[in-house]
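So the sequence lines, in the order shown, correspond to chains A and B.
Under the working numbering, the first residue of the first sequence carries the number 1, and numbering increases by one thereafter.
Under the working numbering, the first residue of the second sequence carries the number 1, and numbering increases by one thereafter.
Cβ coordinates follow ideal geometry from the N, Cα and C atoms, glycine included.
Structure, as structure tokens:
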Amino acid sequence: MAKHDAHAHSSHHNGHGDSHGSLKSYTIGFILSIILTIIPIVLVLNDLLSKTATIVAILIMAVLQFVVQLIFFMHLREEESPRFNLISLVFGLVIVVTVVIGSIWIMLNNAVVN
Amino acid sequence: MAYVAKPAEAHGNGHHDEHHDHESVKVFGFWLFIITDVILFGTLFAVFAVLRGNTAGGPLFADMIELPGIILSTFILLTSSYTSGIAVLQMNKGNVKGLIGWLAITALLGASFIYLEVNEFIHLVHEGAAITTSAAWSAFFTLVGTHGLHVSIGLVWMVGLMLQLKRQGITPVTKRKVTIISLYWHFLDVIWIFVFTFVYLMGVM
Chain A
1 MAKHDAHAHS SHHNGHGDSH GSLKSYTIGF ILSIILTIIP IVLVLNDLLS KTATIVAILI
61 MAVLQFVVQL IFFMHLREEE SPRFNLISLV FGLVIVVTVV IGSIWIMLNN AVVN
Chain B
1 MAYVAKPAEA HGNGHHDEHH DHESVKVFGF WLFIITDVIL FGTLFAVFAV LRGNTAGGPL
61 FADMIELPGI ILSTFILLTS SYTSGIAVLQ MNKGNVKGLI GWLAITALLG ASFIYLEVNE
121 FIHLVHEGAA ITTSAAWSAF FTLVGTHGLH VSIGLVWMVG LMLQLKRQGI TPVTKRKVTI
181 ISLYWHFLDV IWIFVFTFVY LMGVM
């Protein structure tokens with residue numbers, strides 16, 4: 001396909017709210033991700049909180065960074081309905097949470113029985 | 001994002017739109033692959049969570065993990081996720097040179113990440129923590145190694161795509177491929193956030 005055609009394609013693309021973000025949104029996501037990476041590092045290296053509080057805090061930071069990258073890097077909020085991307089992601093996460101929490105739970109019970 | 005298939009919109013030339021829709025279905029198909037990969041990593045995280053304490057009298061994570069190098073890798077991968085986003089922006093502007101340039105920077109950052117990871121693994125094995133040492137280290141190498149393998153495959157793929165972009169320029173097909181690889185790259189960074197938190201930060205505590 002000719003180059004000008006490709007360009008026309010891209011403007012057609014953006015014309016329907018089908019954009020893939022702007023420099024601003026990528027930069028905001030990048031800065032937020034850096035902050036959400038530095039906070040847990042500082043918490044862990046300086047032993048600022050009790051062990052349980054640290055674990056909870058760094059897990060919250062990880063999940064927040066996940067959400068930040070979904071929104072600012074992967075543009076999940078810009079999806080038009082029906083939101084198949086979001087639905088399939090939620091489906092995947094339900095399986096992951098079930099597998100991870102379920103494994104930990106059942107193996108902890110196993111330890112008690114033994 | 002709207003990576004999803006949409007009903008054909010009536011404007012311009014029909015063939016063009018059909019093509020466009022076809023490409024967005026492929027992007028959605030790749031999104032579904034990513035979801036299955038999320039489940040793959042979920043099971044590896046579950047294995048790691050269950051086995052992390054089973055060190056069989058061997059070395060402990062807390063004694064072996066050297067956080068400064070891992071922090072460096074984390075920032076390298078995060079930056080590469082950002083630069084792959086800029087590559088997509090260059091593509092949307094129709095700038096092939098900028099697109100290839102930012103993809104090259106992304107690939108270089110990815111290669112540095114892999115270099116640091118391979119060095120870390122060699123170091124660990126020399127210090128007596130190999131994949132056969134204990135269940136905990138098996139889980140460690142499987143989880144971290146699977147992520148590293150994904151990044152390595154992404155690198156080969158990215159180099160191939162840069163060559164194709166050089167020959168063919170920005171077409172609906174190469175556009176879809178760039179969209180997909182940047183999606184893949186962001187996904188690898190997301191997985192790394194959890195590897196970094198669960199394996200490394202919680203490992204040194």
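For N54(B), the CB contacts under 8 angstroms within the same chain, skipping 5 residues up- and downstream, are S134, A135 and A136 in chain order. Closer than 9 angstroms to the CB of V56(A) there is not a single CB belonging to chain B. Annotation note: the segment 114-185 of chain B contains the following uninterrupted alpha helix (DSSP H) runs of length 4 or greater, listed N- to C-terminal: 135-168. Taking the Cα of W192(B) as reference, the smallest distance to any Cα among Q65(A), I31(A) and L49(A) is reached at Q65(A).
Taking C-beta atoms as the reference points, L99(B) and S22(A) fail to come closer than 9 angstroms. Following the DSSP letters along the chain, one finds P68(B) inside the alpha helix (DSSP H) bounded by residues L67 to K93. Taking all protein chains shown into account, E23(B) has 16 or more neighbouring C-beta atoms within 10 Å of its C-beta and is therefore buried. Under the three-state reduction of DSSP output, D47(A) falls in the coil class, being neither helix nor strand. With a beta-carbon spacing of about 6 angstroms, H150(B) and L188(B) fall inside the 8 angstroms limit used to define contacts. For S138(B), the closest alpha carbon among the candidates P59(B), L32(B), V38(B) and V27(B) is that of P59(B). Proximity of V199(B) to chain A, defined by a Cβ-Cβ separation below 9 angstroms, is not satisfied. Under a 10 Å Cβ-count criterion, S81(A) is classified as exposed, with fewer than 16 other Cβ atoms of the shown protein chains found around its own Cβ. Contact between M64(B) and K51(A) fails: their C-beta atoms lie close to 20 angstroms from each other, not under 8 angstroms. A residue is called buried once 16 or more other Cβ atoms fall within 10 Å of its Cβ, and Y115(B), having fewer, is exposed.
If you compare the alpha carbons of K175(B), Y82(B) and F121(B) with that of K26(B), the shortest gap goes to K175(B). Linking L93(A) to W31(B) through their CA atoms gives a straight-line distance of about 14 angstroms. In this structure, I34(A) is the residue among I34(A), I55(A) and V100(A) with its C-alpha nearest to the C-alpha of T74(B).
With a 10 Å radius around the Cβ and a threshold of 16 neighbouring Cβ atoms, G154(B) comes out buried.
Look at the segment 24-37 of chain A: the residues with a C-beta under 9 angstroms from a C-beta of chain B are S25, Y26, T27, G29, F30, S33, I34, L36 and T37. Here V96(B) has L165, G169 and I170 as same chain residues with Cβ atoms under 7 angstroms from its own Cβ, once five neighbours each way along the sequence are excluded. Per DSSP, the continuous alpha helix (DSSP H) segment holding A62(B) begins and ends at F61 to M64.
Close to chain A, meaning a Cβ-Cβ distance shorter than 7 angstroms, are the following residues of the segment 21-47 of chain B: F28, W31, L32, I35, V38, I39, G42, T43, F45 and A46. Each of L163(B), H123(B), F194(B) and I105(B) was checked against the Cα of V144(B), and the nearest Cα belongs to F194(B). When rounded, the separation of the alpha-carbon atoms in W105(A) and T98(A) is 10 angstroms. Taking CB atoms only, A53(A) has no neighbour in chain B less than 9 angstroms away.
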